[in-house]
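Chains as they are written, first to last, in my numbering: chain U, 1 to 373; chain Z, 1001 to 1373; chain W, 2001 to 2397; chain A, 3001 to 3397. Everything below concerns the one structure shown next.
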């Protein structure tokens, strides 16, 4: 398979870029932030649903487009460039992926259509610590007469505040991690919110003996770890796509600035030290492009080495986004650290993206272990 | 105590520099190498003994100068600059230090005077692996009727080929590492030599049930680990001094080259990218100077935190010598990778020094453990 | 200044220790937490607490606001040895500075070196009594690193200068009483030769300010505007068109200050924070990437401190360390930026908190953002590297 | 070239596979070990083994020394598809190249593009039969990265050029039959405009060579001296004073070749060597610094390979990838240098062996030393970064 996007995928990418430039430029991000950190623009979300982006990765069986993750990745990359806020990642990349990979037909039939038409939203509740470790799950799911009782505390839940339901990772009596649908308005659910560096709202949720039915269990017995791993891979690759957008845009704005800004009577882009640093960034970004398209294609093809490629993608983008956003800040000089210009937004968003679903260190370790060293 | 050398130490340093420029410039290094890797110039060694460098760190009790390691460090730094080859490190820094810190008065009285007057030479046999790990000692010292039987294989022994005796690290029946004097002509000792990257000769020695007497034991019962640690600290700090000489000299030759060499009609030192890289090296070298003088003073004062300072010194110099010699090679361009110019000698010697008594990684780990993380 | 004997110094230490013990309120011995803990003085001075007021007034009474300036200017007249002892004794029990003042740290040294006796008498005492809050006006919106490219002009109108233009990155311009600034007095001369050093009363007609919001949130920085401001001629410090000499002198000062960003004694070791936040095995950090990064940072921190010590010691023997201020600024700020990046990584989710009930986490995240300015303000790292390569290494242009 | 159908290609593959199986001696399917395993051809050609001779002659007979050149020049006349199949089938069973030749990889493409038909007929067939061993004369002792600053001059003497000067880094000049080189034919023109591309017989009077010893030991590199060498005018390729165009064309070729230094398929994974040499715990490397460095290197290796693939795929869709050769050269060689440094660290004492009974260790140490030249030869990393910043990013001069 050639490492390029198809004509169809290119069309989708171009239309996404055009749509976002019109309807969700970076100014919208600033407005939302300044409106007391509004999570996203409701009207934009409706338009996104109308564009079909919520259906791209959903099977035709449930009236999805079955267009694949390469397509969704192009959309996410463009959303990265404009810092567009929408619950596409939480509800579709995380929520719908958890359901799509489940064998619980009832849950799928109920939820996938509502996720696609935007009438309901899911949030994924996995993290329990300050650091990312999907194996360190303490939240418990105790067998009850007609289902389970969920207890525990989850944190860093993306778009948790407005979600209709949570996908909760909890350990069963047998010690296996399992995934459950938990209604956000159920008894025993309490939520607090924090604003993080990227002006995004992230929830911490306490589950205190919350009752769920047996049918609310998403993962089959013995299959929880596999499903979690599938979500980790999908999330990592999709985040890498969004990060690629940020990397490209922050770099391109920086190169433009180098061409305009004058110091000591010369445009700063003519200074060799900055030229070399820009050329090094260019090179790293070339690598980023390659791993993202490779990983997206692998996701669609269900490749055997998805663990390897997902970690490669998240690690490489994590390392490069740090380099590029830091260099962008430094090269923009004083103006860059003011809130008046946008480059700082990319830097801040980057730091959050770096950490979500495992930072460079986590994925480097996972990659090395995949290769048994 | 001020972090500067005293007038006396400065005099010693200046006289060493002058002496080496006259009697052991880099050309001597080249000549020795081209004379089938001759280990050192015998006549120079006599002169070094006459200058008293072999007595600098030996106690007055044994007619040494008791001048201290700050003084010896200045000499080693200057020898680093000229890549001077002499058994000063093996016989004095390692051999005499092992004896000086021993409570075996008989051995001291016998050997220290002969080490100072250059009539005998000691080599230190510790390493057993490709990697450096002073705790991984398999060589055994089995109690015999009137002493010990030493068996094992040692490698990377500096100046091992011409040594009269070895200080051998071996594990006793109680499992404790202990140090023994083993005559190089004793029965059961067999030696092979390798030339390493720095054109130096390093020995591997097999000890096959070699008999030594009880009085040949250097370390007291229960004290072997402490003595070994003392040698490791002393060696690391003295190596850091020599490395500082190499770092300074390689940098200074590179800066000179940047000022002379023209490319595209300009001196290459006027190119900003190279200027910044030179300034970064300058900064790192400023740090190197500080840790070396601090650690040398601490050695003379018997500071409590010698473990910390020795690892700081060896780690920092290890990292910086790699940076500086690599940059020196790159900035010298094509001419630098030919055997005709000397800069490659510094690069090659650096790689060996980096590894001796623990590389950056080893000492970083030791430093972190010292601080309990 | 009289020479003091060792015996005198011992006595001075004892007296000082006792005096501080008796006069420094307990709450003034706690580490500074946020901006309200700083007292800046000035015309509209207000104290955040009774203790802050007491402490300032006790020190003022003792003439210890600037203990090492001459008493004719309101200083304490202490010898360098005595001043060292006072500093040590204050550090010993954690006494806060009675006041924070660019007048003391920046303008004062310049006035001592370049001002006339009349100007010294006019301006220094109000610094030692905390009456004047000074701010600094160097940078301009389009000048950036090219400080000497400044365009704010001061026209000679016989009995006064008429100043027009704007400054940026003026800390506390919205609160300060006076500003010391660089203005262009000759547009025809080479750029470094047409600059003068002028003191301007911030209440003059035509002076305006606007606060700057940073990526870290609110900041003390302002833009400052001069719209045909009349400045008396006696407010010129040094010779006309020779302001660059004073600027260079002060920049060297500033670089040394910024290079020391985040002093170690008030810092918790990075590895300590890591041990509290990250998984360990046998009490050793298990994160294979962070552990070597933390160790490298802490090793360089430790050696950087030795380097400050070494170069200070060398300076005492007469070695000229002036050109090294660029090295200190460069290395100190790069270390700080690395430290903040590492801390953010170590603190995991907490390292990303912006607004939350967890106020401490949020404030540390903002400090991280703020640190991105360290390698820019006071001369970018690029400018410092350029200075090192040209002035110290003598590389060609 | 006729178009070939898919069915034809399938048949071609089967025939090729069978032919190679029958004709390539077993020993010619083993990986190349040292320099004696290479066959270079030339006037004084000698084969290292009977198998080497057989293999060369079989391929020559088949016209597969340069399978994709036109048959009128002695090539095999294969279509790109057929040539791909041949390459794949050779790789499949590990067939060595029958000959190593700068004539094929460097001069040939230039002649195809810039030479007259007469010149092609004169020079190309001797390449396809391995009769001429070509070397390359670009660099000069004082030119370095500034290739166009070359000073070797060719004076017009009506019926011939008189060449004087010297070249450096000429691989195998002491063994080659002919040299293609850049000479200055106009000293008054701007430096890029006065250069011509000339072919010189190494047996001409006045040509001398001297081998260069490197930090890694012996090398194929030589200095080459021209002392009033008479060169017939018909040996000029392209237009007079337009040699720089040809040089640029060839440099792009060279960069792509050097960027691929150390192909992965013949390499043992670095982590594999680490596992064999370093301590482990639960089969995970315990060296906390090396492990992340190894992983980073291997990750970048893997992604760099994907990048070659991606850009190749994009090129097929018409995206111009020409300017990217500098990126490939830069990144590929930097990766190689990093790899060799890491391997040296991993191999511990063995990584430092220079002369020893352990010949393998010594040879790897020398490869490490040799790698220091990778980021210099064929245009330094600095030159490549400059090209990227100017030609791709369009940063100003």
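Ideal placement from N, C-alpha and C gives every residue a C-beta, glycine not left out. Just so you know, these numbers come straight off a predicted model, no measurement behind them.
- The bridge partners DSSP lists for residue 140/U are 151/U, 171/U.
- With a cutoff of 9 Å on beta-carbon distance, residue 1209/Z and residue 1157/Z are scored as not near each other.
- Ranked by Cα distance from residue 111/U, the options 160/U, 95/U, 126/U, 148/U are led by 95/U.
- Non-local beta-carbon contacts of residue 9/U in its own chain, meaning distances under 7 Å to residues more than five positions away in sequence, involve 70, 71, 74 in chain order.
- By DSSP's assignment, residue 2221/W forms a beta bridge with 2171/W.
- Taken in chain order, the complete alpha helix (DSSP H) segments of 4 residues or longer contained in the segment 73 to 105 of chain U are 97 to 100.
- With a threshold of 9 Å between beta carbons, residue 1332/Z makes no contact with chain W.
- Annotation: the segment 341 to 369 of chain U contains the following complete segments of the alpha helix (DSSP H) (minimum length 4 residues), in chain order: 343 to 355.
- Within chain A, not a single residue places a beta-carbon under 7 Å from that of residue 1366/Z; the smallest gap is close to 11 Å.
- Annotation for residue 1245/Z: the continuous alpha helix (DSSP H) segment containing it runs 1224 to 1260.
- Across the segment 3267 to 3300 of chain A, CB contacts with chain W closer than 8 Å involve 3288, 3289, 3291, 3292, in sequence order along the chain.
- Counting only Cβ-Cβ distances below 7 Å, residue 196/U has contacts in chain W at 2352, 2353, 2354, in chain order.
- Taking the Cα positions, residue 1304/Z is about 23 Å away from residue 1218/Z.
- Here residue 3017/A carries a helix assignment [DSSP, helix/strand/coil].
- For residue 131/U, the nearest beta carbon of chain Z is not closer than 9 Å to its own beta carbon.
- The secondary-structure analysis by DSSP pairs residue 2208/W across a beta bridge with 2225/W.
- When DSSP reads this structure, residue 3156/A sits in a beta bridge with 3161/A.
- For the C-beta of residue 267/U, the chain A residues within less than 9 Å are, from N- to C-terminus, 3395, 3396.
- Chain Z places no beta carbon closer than 9 Å to that of residue 373/U, leaving this residue out of the contacts.
- Between the alpha carbons of residue 1051/Z and residue 1122/Z lies a distance of about 20 Å.
- Residue contact check for residue 3345/A against chain Z: a CB pair falls below 9 Å.
- For residue 2181/W, the uninterrupted beta strand (DSSP E) segment begins and ends at 2178 to 2184.
- Its chain contains 3294, 3297, 3298, 3339, 3342, 3343, 3346 as the residues whose beta carbon lies nearer than 8 Å to that of residue 3270/A, once the 5 sequence neighbours on both sides are disregarded; these appear in chain order.
- Taking a C-beta distance under 9 Å as the contact criterion, residue 2132/W and residue 2043/W qualify as a contact pair.
- Straight across, the Cα-Cα distance linking residue 3082/A with residue 329/U is about 52 Å.
- Here residue 320/U is buried: its Cβ has 16 or more other Cβ atoms, across all protein chains shown, within 10 Å.
- Under a criterion of Cβ atoms nearer than 8 Å, the residues of chain W adjacent to residue 1259/Z are, in order, 2394, 2395, 2396.
- Across the segment 3159 to 3189 of chain A, CB contacts with chain Z closer than 9 Å involve 3168, 3169, in sequence order along the chain.
- For residue 3212/A, the residues of chain Z that pass the 7 Å Cβ criterion are 1338, in the order they occur in the chain.
- By the Cβ-count criterion, residue 3286/A is exposed, with fewer than 16 other Cβ atoms from all chains shown falling within 10 Å of its own Cβ.
- Remark: C-beta atoms of residue 357/U and residue 232/U approach each other more closely than 9 Å.
- Excluding sequence positions up to five before and after residue 3121/A, its CB lies less than 6 Å from no other CB in the same chain.
- When the alpha-carbon of residue 274/U is set against those of 289/U, 265/U, 254/U, the nearest one is in 254/U.
- Looking at the DSSP output, residue 3136/A shares a beta bridge with 3180/A.
- Taking the C-beta atoms as reference points, residue 1141/Z is found no nearer than 9 Å to residue 1132/Z.
- Under the DSSP assignment, residue 307/U falls outside any beta strand (DSSP E), being part of the alpha helix (DSSP H) whose first and last residues are 306 to 336.
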